[in-house]
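Notes for the one structure printed next.
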Amino acid sequence: MAATASPTTTSTITTIGGDHVPAMPFIDDIELFMAKEGKSAETAIQKLQEQYQGYKLVEQRLLSRKLKLRVKIPDIEKTLGVVTRMKQAQEEGETELRAHYELSDAVYAKARVPLLEQQPVFLWLGANVMLEYGLDEAIALLTSNLRMAQQTLAQLVSDLAFLKDQMTTSEVNIARVFNWDVRERRKRGEGTAGAAGADAESEGK
1 MAATASPTTT
11 STITTIGGDH
21 VPAMPFIDDI
31 ELFMAKEGKS
41 AETAIQKLQE
51 QYQGYKLVEQ
61 RLLSRKLKLR
71 VKIPDIEKTL
81 GVVTRMKQAQ
91 EEGETELRAH
101 YELSDAVYAK
111 ARVPLLEQQP
121 VFLWLGANVM
131 LEYGLDEAIA
141 LLTSNLRMAQ
151 QTLAQLVSDL
161 AFLKDQMTTS
171 EVNIARVFNW
181 DVRERRKRGE
191 GTAGAAGADA
201 ESEGK
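With the working numbering, the residue at position 7 of the sequence shown is 7, and numbering never jumps.
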């Protein structure tokens, strides 16, 4: 939920992906806010829009990371499932596994995988790096990586919700300043028109 604060309240700071992101306080008292800012409505709106764009930039980075994790997590789960199945087969005394593996898109081949007493597996770690692990080591590593990826994804979802709240509050604040400016312009216009009418009436007399 977006923070609600008076214009004199200092915004809270949230750290997101290494960035220090200030919360956007809701402008409750628009008159006090504009008096405190001492700026024109155009300048105040420009400042609010710059903050809004800052939130959008951070949001785009987080959405990109979220998309990558949405792809990465199923891959880790699939690999962990295969290694766990190999470990289970080894413990049950099986000497080989039969599997279908993907050669290319929509093309699969059958394979017979012998199970050794000290069965190694080779895991891609990224950046064209592959390392050999024992089954227990591989299961421990994949389990840890899966847990970290899921925790990171959960944090990203939370951070994105925070950013959405700040952007919504920013949009409302911009609208409030704009509406205040419209009212002020109307007041000044009515005052000028009223004074001109009074002068014309006195001259007629």
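Heads up, the beta-carbon is just placed ideally off N, CA and C, and yes, glycines get one too.
Check                                                                                                         : Outcome
Nearest-angstrom beta carbon gap, Val121 and Leu135 [assumed within contact, 8 Å]                             : 6 Å
Identity of the residue in Ile174, Asp75, Lys110 nearest Glu126 by Cα                                         : What sits at residue 126 in the sequence shown is Gly, not Glu. Taking only the C-alpha atoms, the option nearest Gly126 is Asp75.
Boundaries (first-last residue) of the alpha helix (DSSP H) holding Asp75                                     : 41-91
C-alpha gap between His100 and Pro114, whole angstroms                                                        : 14 Å
Every unbroken alpha helix (DSSP H) within the region 97-162, with a cutoff of 4 residues, ordered by chain   : none
Leu40 classed as buried or exposed, judged by whether at least 16 other C-beta atoms fall within 10 angstroms : Note on residue identity: the sequence assigns Ser, not Leu, to residue 40. Result: exposed.
Contact belief for Leu62 with Asp159 at Cβ below 8 Å, rounded distance in angstroms                           : 6 Å
Rounded C-alpha distance that separates Arg147 from Val177                                                    : 45 Å
Endpoints, the beta strand (DSSP E) within which Pro25 is located                                             : Careful: Pro25 lies outside any beta strand (DSSP E) and carries neither H nor E.
Distance CB(Gln119)-CB(Met86) smaller than 8 Å                                                                : yes
Residues bridged to Val21 [DSSP beta-bridge criterion]                                                        : Thr14
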